[in-house]
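Enquirer:
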Amino acid sequence: MKRSIFFSSIYVVIFIVVSVPLILNIKINEVSNRIDEINTQISFLERRKISIDLKHHESYSISSIEKLAKTHSYKRLDISQKINKLEIPYKLKNEGNEKIAILGFGK
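Quick note on numbering: the sequence shown equals residues 1 to 107 in this note's numbering.
#1: Does the Cβ-Cβ distance between E110 and S64 come in under 8 Å?
#2: Under the three-state reduction of DSSP, which class applies to Y74: helix, strand or coil?
#3: Looking at the unbroken alpha helix (DSSP H) that takes in S19, where does it start and where does it end?
#4: Got a sec? Which residues, its chain only, sit under 8 Å from I26 by beta carbon, not counting five neighbours each side?
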């Protein structure tokens, strides 16, 4: 009787010693796979962010703003400060030709 209890307890201990590291390795592999998926998503999102930043820089750079101003017939003015007021840097070329009327009163 004592022998059977002894051998069965040894069997259980050996089973636990062998199965616990295997289960832990399986869990570690699952976590590693998830980390790899997250890393690929992060790299994809970083590339996307870089491309968006590049497009934003190209569309709002000084050269593109100057091209846009030329197409809409704006001219570049020198920025100067007059009594704590800044002039706008772009102004319509034909602005001086138009008469401005506000509530029926004009210049």
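The C-beta atom is built at its ideal place from N, Cα and C for all residues, glycine as well.
Expert: Taking the definition as stated:
#1: Beyond the ends of the chain as shown, which are 1 and 107, falls residue 110; an answer cannot be given.
#2: Residue state for Y74 is assigned as strand, using DSSP reduced to three classes.
#3: K2 to S59
#4: none
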